[in-house]
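Undergrad: Have a look at the structure that comes next, please.
Residue numbers (this note's numbering): 71 to 446.
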């Protein structure tokens, strides 16, 4: 009986000791500070850092956010119109854009009557973030004469969301960096986790505020033109002519002879001098010097440039007036000529003038000469 009571007391004591140890361990676990325990994995995964951007193109301050619609127009001139237009088209496709409209009008030497400049026009579409690169390309390969490119907010709310988006992403990255510190104060950690949860929840509720709309594109109209050369001869300026010639007489009559002559004239847009005075030296001491005073009209060949080219402009004209060549005559002449040089206010021509001298002893003549004109 005594041994039975001792066994019961031993069993009770052992059970109490085990229970006490277990209770102490449980209390110890519950009372441990939160900083000692392992932090739970974060519910929000920080966004990966964006890849490094391309080198600055000079238009880094241009707002090309994908939430914006960028559009505009650019006008430029190029000495080599066709090669520049072709290279521009290739550059658009290299950047991932598309050409939706293309018109090329090329005029050789601007020889049409209305003197239109050769031009190439394009309507292109590409991502807004690539617009600065394309503008840089245009600046390097052509001379930009006009540029009107702007970013238009499609909706006011999109503009607001674009501003908030950048701030929220920056704040989330800052919170993640602070939570990664194992020595962070527990109260501060709890406040940061609460703030992060609110920001993440707002992003889930309104995904449009946290993501760019990649369907936005930039629309750009580009026009290349070949530069028009300033032509003072085509602006109604007066042109002073100095002419030297050789006059052959008696082509159709009995008298034969030749005289060297020189003179001056004044004209305008017409290829021949409107008013001209020529003097001719006497072939012998027994003869007198001659003179002609004539008015002229003329026209260019429309099939061969209409006078708009800088060289080799053929023309036809007529002259009539007074002539004294050992007698008084009514002078009537046709004129066939070519403008060899016509640029920078300088005009050099060669011409031939079949001439009829009508008087008491009518005769024919032909004059071959060259003239130099200066615009003023």
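For glycine and all other residues, C-beta sits at the position ideal for the given N, C-alpha and C.
#1: May I have the straight-line CA-CA distance separating residue 386 from residue 423, to the nearest angstrom?
#2: May I ask you to verify whether the stretch 197 to 216 touches the stretch 142 to 156, counting CB pairs closer than 8 Å and requiring at least 3?
#3: Which residues share a DSSP beta bridge with residue 264?
#4: In chain order, what residues of the same chain have a beta carbon less than 7 Å from the beta carbon of residue 345, not counting five sequence neighbours either side?
#5: Could you tell me which of 246, 157 and 446 sits nearest to residue 310, measuring between CA atoms?
#6: Looking at the strands, I want to know which residues DSSP matches up with residue 364.
#7: For residue 196, I'd like the list of residues in its chain whose CB is within less than 8 Å of its CB, leaving aside the five on either flank, ordered along the chain.
#8: So residue 312 packs on residue 220, CB below 8 Å; how close in whole Å?
#9: In the DSSP assignment, find the unbroken alpha helix (DSSP H) run with residue 159 in it and report its ends.
#10: DSSP three-state label for residue 424, please.
#11: What's the C-alpha gap between residue 361 and residue 373?
#12: I think residue 144 touches residue 208, with their Cβ atoms under 8 Å apart; what is that distance to the nearest whole Å?
#13: Check residue 200 in the structure and name its three-state DSSP category.
#14: For the beta strand (DSSP E) that residue 433 lies in, which residues bound it at each end?
#15: Expressed to the nearest angstrom, what Euclidean distance is found between the alpha-carbon atoms of residue 420 and residue 409?
#16: What does the alpha-carbon distance come out to for the pair residue 356 and residue 350?
#17: Could you check whether residue 391 and residue 363 sit closer than 8 Å to each other, using their CB atoms as the reference points?
#18: To the nearest angstrom, how far is it from the Cα of residue 104 to the Cα of residue 237?
#19: Is the beta carbon of residue 319 closer than 8 Å to that of residue 332?
#20: Who are the Cβ neighbours of residue 338 in its own chain at under 8 Å, not counting the five residues just before and after it?
#21: Using DSSP's beta-bridge definition, name the partner residues of residue 291.
#22: At which residues does the beta strand (DSSP E) containing residue 404 begin and terminate?
#23: Looking only at DSSP bridge pairs, what is residue 172 linked to?
#24: Do you know whose CA, among 388, 379, 383 and 413, lies nearest residue 187's CA?
TA: On the basis of the coordinates in this document:
#1: Sequence index remark: in the chain shown, residue 386 carries index 316 (1-based). Sequence index remark: in the chain shown, residue 423 carries index 353 (1-based). The alpha-carbon atoms of residue 386 and residue 423 are separated by roughly 10 Å.
#2: yes
#3: The residue given as residue 264 occupies position 194 in the chain shown. DSSP output for residue 264 lists no bridge partner at all.
#4: Along the chain shown, read from residue 1 onward, the residue named residue 345 stands at position 275. The answer, listed in chain order, is 335, 336 and 365.
#5: Here residue 310 refers to the residue found at position 240 when the chain shown is read from its first residue. Nearest of 246, 157 and 446 to residue 310, Cα basis: 446.
#6: By 1-based counting over the chain shown, the position of residue 364 is 294. Residue 364 is bridged to 346 and 391.
#7: Position 126 of the chain shown, counting from 1, holds the residue named residue 196. So the list reads 162, 165, 166, 167, 168, 204, 287, 288 and 290, once near-sequence residues are dropped.
#8: Within the chain shown, numbered from 1, the residue matching residue 312 stands at position 242. Within the chain shown, numbered from 1, the residue matching residue 220 stands at position 150. Actually they do not touch by this definition, with Cβ atoms about 56 Å apart.
#9: Counting from 1 along the chain shown, the entry for residue 159 is found at position 89. Element bounds for residue 159: 151 to 164.
#10: Taking the first residue of the chain shown as 1, we reach residue 424 at position 354. If DSSP states are grouped into helix, strand and coil, residue 424 belongs with the strands.
#11: What you label residue 361 is simply residue 291 of the chain shown in a count that begins at 1. What you label residue 373 is simply residue 303 of the chain shown in a count that begins at 1. One C-alpha to the other measures close to 36 Å.
#12: Sequence index remark: in the chain shown, residue 144 carries index 74 (1-based). Sequence index remark: in the chain shown, residue 208 carries index 138 (1-based). So it is a contact: roughly 6 Å between Cβ atoms.
#13: Here the question's residue 200 lines up with position 130 in the chain shown. If DSSP states are grouped into helix, strand and coil, residue 200 belongs with the helices.
#14: Reading the chain shown from its first residue, position 363 is the one you call residue 433. Segment 433 to 445, the beta strand (DSSP E) holding residue 433.
#15: Here residue 420 refers to the residue found at position 350 of the chain shown. Here residue 409 refers to the residue found at position 339 of the chain shown. Between residue 420 and residue 409, the C-alpha separation is close to 7 Å.
#16: Within the chain shown, residue 356 is the residue found at index 286, counting from 1. Within the chain shown, residue 350 is the residue found at index 280, counting from 1. So the alpha carbons of these two residues sit roughly 14 Å apart.
#17: Taking the chain shown and counting its residues from 1, the one referred to as residue 363 is at position 293. Taking the chain shown and counting its residues from 1, the one referred to as residue 391 is at position 321. Against a cut-off of 8 Å, the Cβ pair of residue 391 and residue 363 comes out as a contact.
#18: Taking the chain shown and counting its residues from 1, the one referred to as residue 104 is at position 34. Taking the chain shown and counting its residues from 1, the one referred to as residue 237 is at position 167. Legend: pLDDT at residue 104 = 40, less than 50; position of this residue unreliable, value from coordinates given subsequently. Each residue's alpha carbon lies about 31 Å from the other.
#19: For the purposes of this step, residue 332 is taken as residue 262 along the chain shown, with counting starting at 1. For the purposes of this step, residue 319 is taken as residue 249 along the chain shown, with counting starting at 1. The answer is no: Cβ separation not under 8 Å.
#20: Along the chain shown, read from residue 1 onward, the residue named residue 338 stands at position 268. The answer, listed in chain order, is 306, 307, 308, 309 and 344.
#21: By one-based count along the chain shown, residue 291 stands at place 221. Answer is 143 and 193, bridged to residue 291.
#22: The count along the chain shown starts at 1 and reaches residue 404 at position 334. Taken as a continuous stretch (DSSP letters only), the beta strand (DSSP E) holding residue 404 covers 398 to 413.
#23: Locating residue 172 in the chain shown gives position 102, where the first residue counts as 1. DSSP, once it has assigned bridges, lists 192 as partnering residue 172.
#24: Your numbering for residue 187 matches position 117 in the chain shown. Closest by alpha carbon: 379.
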